[in-house]
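First comes the structure, then the notes that go with it.
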Amino acid sequence: MTPPRAIHRAIASCHTCGLASPVSLGKCPRCHSTLHLRKSNSIQRTLAFLIAASALYIPANILPIMVVAEFGDVLASTILEGVAIFWRKGDYPIALVIFIASILIPVLKIIALFWLCAAASGKVHPSPAALGRVYWITELVGRWSMVDVFVVAVLVALVQLGALMTITPGPAALAFAGVVVFTMFAAMSFDPRLLWDRLESLEKTKTSGNPPAP
Amino acid sequence: MTDPSPPAPSPEIRTAQRWNIVWVVPILAILIGGWLIYQNVSSVGPVARVRFDTADGIAAGKTEVRCRSVRVGTVEEVELAPDLNSVLVHIRMDPHAENLLRRGSRFWVVRPRVSGTDISGLGTLITGAYIEMEPGTSPEPWTKFRGRETPPTTNRSIPGLRFTLNADDAGSLTAGSPIYYLGFEVGRIETRKLDLAQNRVVYEAFIKENYRSLVTESTRFWNTSGIDISAGADGFRVRTPSFQAMVSGGISFGLPDGLPPGKAATDDAVFTLFPDESSARSSTFNPSLRFLLLFNQSVRGLVKDAPVEFRGIRIGRVADISFNYLPSSLDQRIPVLIEIDPALLRSETANNLSNIESTFLSDAVANGLRASLKTGSYLTGALFVDLDYYEDSPPAELGTIGELTTVPTVSSGFAQLEAKLSAILEKFQQLPLDETLTKFTTAADESAKTIAEARNTLKEIESVAQSAREILDDPQFKAIPGDLRKTLDQLNTSIASIGPNGPMQGDLLRTLDELRASLRSIKTLTNSLEEKPNSLLFGRESSGNPTPRAPRGR
Chain G
3 MTPPRAIHRA IASCHTCGLA SPVSLGKCPR CHSTLHLRKS NSIQRTLAFL IAASALYIPA
63 NILPIMVVAE FGDVLASTIL EGVAIFWRKG DYPIALVIFI ASILIPVLKI IALFWLCAAA
123 SGKVHPSPAA LGRVYWITEL VGRWSMVDVF VVAVLVALVQ LGALMTITPG PAALAFAGVV
183 VFTMFAAMSF DPRLLWDRLE SLEKTKTSGN PPAP
Chain H
-13 MTDPSPPAPS PEIRTAQRWN IVWVVPILAI LIGGWLIYQN VSSVGPVARV RFDTADGIAA
47 GKTEVRCRSV RVGTVEEVEL APDLNSVLVH IRMDPHAENL LRRGSRFWVV RPRVSGTDIS
107 GLGTLITGAY IEMEPGTSPE PWTKFRGRET PPTTNRSIPG LRFTLNADDA GSLTAGSPIY
167 YLGFEVGRIE TRKLDLAQNR VVYEAFIKEN YRSLVTESTR FWNTSGIDIS AGADGFRVRT
227 PSFQAMVSGG ISFGLPDGLP PGKAATDDAV FTLFPDESSA RSSTFNPSLR FLLLFNQSVR
287 GLVKDAPVEF RGIRIGRVAD ISFNYLPSSL DQRIPVLIEI DPALLRSETA NNLSNIESTF
347 LSDAVANGLR ASLKTGSYLT GALFVDLDYY EDSPPAELGT IGELTTVPTV SSGFAQLEAK
407 LSAILEKFQQ LPLDETLTKF TTAADESAKT IAEARNTLKE IESVAQSARE ILDDPQFKAI
467 PGDLRKTLDQ LNTSIASIGP NGPMQGDLLR TLDELRASLR SIKTLTNSLE EKPNSLLFGR
527 ESSGNPTPRA PRGR
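If you read the sequences in order, they're chains G and H.
FYI, in the working numbering the residues of the first sequence are 3 to 216.
FYI, in the working numbering the residues of the second sequence are -13 to 540.
Following this line, the structure appears as structure tokens:
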């Protein structure tokens, strides 16, 4: 038999200080934060942030992220064009880094979170091992997707040489920053415990034959 | 630990919360993303395709398109046209400049240009060439254009007067040549075209808005290009315009004297461009009065447009010289048609002249009014028609040939000169030539006498010379040189006795030697006296060794 779970005893972990206390108290006895058994509206919030991130992902990729003005020669390039430029120049590592950090990771993160949300709401039924690994990867790689925004921010701040060379951020930089922030919010607002709640109820239905609770 | 009774369903309530405030975030994100895309897409203007002869200085993605130096687009792509004779430049207009692409819009490349009139586009030496455009006037949208190689001189949107000038000859006038008013530049020639159908040159001219009112219906335009040297009945004339006009050509205009300005000229008005100022000014003649003159002399030197003057005041011009005005071929007289502008006469006179009923002209002719040809310039031989009263002229009357009134003429010019010459010859004949000649002969006689006397004198001189020759021929006279030589020889010998080898010289030398010896002995005496003054008394002391002494006074 599985060990007893906090949820069954109505014991909530404080979101702020981590103190486990009965949810009936309403407020954390230590830090007076509101107590919830689970993050409230977790899946809904995560989905909302994911949709926002996806919506911004489109302009982030089709609009120029960086405008380089060199000797009056203005070159505006999107993320993919930048990758292509570095690839053609032979700077394969940089091209790969940009491609992975700016295109692959956000996409993967969004897909992974969608998948986790689907799993948490019982739409898909993956193995617990797969869920664990996907969640871990999401947490691990998520922070690196900000690299591109950092690169643009640093270049814009550094390369202001007047007529010689000037770099200004394109509209995609804003959108891309939005994508990264929203995926981070989505990951934050996702409560992985829901996955295991779902798993448990699934197992119960398997044993009891009852349909899972809504 | 609290009791394990499950109050778990309490969180279930929250799942019922269908709508959460968090959904505002994706809506906002979609809106922002959509706005970003829309802004980017809408910031892309239409593409204009302009065909140029060459893409010199045009770089894709770099060359700007400007309208009045304001950026309105960039060159997106430059490609060779399929016919390989030109290039197609794709211009991405900025979205706000979409309405500049109209039918009739003009595009040209601004490069550094140096011409006779100006230097332009020097800024593009550093920044590179750019394409300048000028929107058309038609509102119809258009995307295909033919680029110009040279910039139009005046932007069509600049307000001003635009009109047409027709000229017989282009001269040095080109697009961009200035138009002057009183020497002040007020406009420019924009284009010039050859009108083959009419066989003339057609200019499009532009006058700045400020000076628009200067051009009226009566305004005359003339060419001031180059140096104008003309020789006519008025003598020589040299006119030089400003240096710029000399180099690039120019046009002046003005209102002829005494002409009402009339209504202000409108756009698309058509004017004639006269080759020079005088023809422009004389073009104002309103030749309403025409008379025929029949000359009984050569009219060589009289040309069309030659002045018609009344006592030096110009009142008209010669309109034509042709035999066609004479009905009969037997008439040897030369018909000259003159035109008189009544505006140049007193209004009263003009009225009288134009009135056929009036007897003004016939009275004048009865009083001696005649036309004559006079030489305006002896250098060029140009003639003009002079009207004057000749009181001693033979009586004549007004005539009519066809519809034209003929004014009687008197011969003048060379014909008058001939008459004067004959008068001079006549006077020569009247001179008392015979008397003078007799005086001349008596004078000649007298001089012949004088000559005879002179001849006698000469004879006397000859006889004197003869006697002198006789004296010279005398033998005694001839012996004189021999005597002279003898005397000289004697003189020579006497001089030789005095000479260095002569006896006198030897005597002299000896005498001198003796004198020197006696002087020496006196010197020894004085020395010894100085040494021993008493030796004169006691005699010389004969010491064995006399001490030598340096003489004093050295």
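Just so you know, even glycine gets a beta-carbon here, dropped at the ideal spot from N, CA and C.
- Counting along the chain, Trp94/H sits inside the beta strand (DSSP E) bounded by residues Arg92 to Val96.
- Uninterrupted beta strand (DSSP E) stretches at least 3 residues long and entirely within the segment 224 to 304 of chain H occur at 237 to 240, 256 to 260, 275 to 281 and 293 to 296, given in chain order.
- Cβ atoms of Pro247/H and Thr202/H come within 8 Å of each other, at about 4 Å.
- Contact with chain G is absent for Ile77/H, since none of that chain's Cβ atoms lies less than 8 Å from the residue's Cβ.
- The closest CA to that of Gly385/H, considering only Gly485/H, Val322/H, Thr366/H and Leu278/H, is found on Leu278/H.
- Within the DSSP bridge table, the entry for Val36/H names Val75/H and Phe131/H as partners.
- Annotated as distal: Leu515/H and Ser507/H, with beta-carbon spacing of 8 Å or more.
- When C-beta atoms of the segment 145 to 155 of chain H are compared with those of the segment 31 to 50 of chain H, fewer than three pairs fall below 8 Å, so the two segments do not count as touching.
- Secondary structure note for Thr510/H: its alpha helix (DSSP H) is the uninterrupted segment Pro489 to Glu517.
- For Lys360/H, the uninterrupted beta strand (DSSP E) run begins and ends at Leu355 to Ser363, by DSSP.
- Here Pro130/G is exposed, its C-beta having fewer than 16 other C-beta atoms within 10 Å.
- Contact between Arg200/G and Gly124/G holds, since their C-beta atoms are separated by about 6 Å, short of 8 Å.
- A check of alpha carbon separations from Pro121/H across Gly90/H, Lys130/H, Gly133/H and Thr136/H identifies Gly90/H as the nearest.
- Under DSSP, Asn209/H forms a beta bridge with Ile237/H.
- Runs of the alpha helix (DSSP H) lying entirely within the segment 30 to 81 of chain G, each at least 4 residues long, are 44 to 64 in chain order.
- Beta-bridge partners of Asn337/H (DSSP): none assigned.
- Fewer than three pairs of CB atoms, one per stretch, sit closer than 8 Å, so the segment 413 to 427 of chain H makes no contact with the segment 303 to 312 of chain H.
- Around the C-beta of Gly28/G, fewer than 16 other C-beta atoms lie within 10 Å, and the residue is accordingly described as exposed.
- Between Tyr94/G and Glu83/G, the alpha-carbon positions lie close to 14 Å from each other.
- Here Gln46/G is buried, its C-beta having at least 16 other C-beta atoms within 10 Å.
- Proximity of Trp128/H to chain G, defined by a Cβ-Cβ separation below 8 Å, is not satisfied.
- For Phe309/H, there is no enclosing beta strand (DSSP E), as DSSP marks it with neither H nor E.
- If the five residues before and after Lys179/H are omitted, its C-beta is found closer than 6 Å to the C-beta atoms of Val188, all from its own chain and listed in chain order.
- Per DSSP, Gly468/H is one residue of the alpha helix (DSSP H) stretching across Pro461 to Ile484.
- For Glu171/H, DSSP records a beta bridge to Tyr166/H.
- A check of alpha carbon separations from Ser72/H across Phe93/H, Arg37/H and Ile215/H identifies Arg37/H as the nearest.
- Comparing alpha carbon positions, the residue from Leu373/H, Leu182/H, Thr150/H and Ala183/H closest to Arg174/H is Thr150/H.
- In this chain, the beta strand (DSSP E) harbouring Ala14/G covers Ile13 to Ser15.
- Not one beta carbon of chain H lies nearer than 8 Å to the beta carbon of Leu196/G.
- Using a Cβ-Cβ cut-off of 8 Å, Ile64/G counts as an interface residue toward chain H, since at least one Cβ of chain H sits closer than that to its own.
- For the segment 92 to 117 of chain G, the set of residues with a beta-carbon nearer than 7 Å to any beta-carbon of chain H is empty.
- Nearest CB-CB separation between Asn6/H and chain G: below the 8 Å threshold.
- Under the 8 Å criterion on CB atoms, Ile139/G is classed as non-interfacial with respect to chain H.
- Against chain H, the beta carbon of Pro61/G has neighbours under 7 Å at Gly19, Leu22 and Ile23, listed in chain order.
- Setting aside the 5 residues that flank it on each side, Pro381/H is surrounded in the same chain by Ala352, each with a C-beta closer than 8 Å to its C-beta; the list follows chain order.
- Between the segment 151 to 171 of chain G and the segment 4 to 14 of chain G there are fewer than three C-beta pairs closer than 8 Å, too few to call the two in contact.
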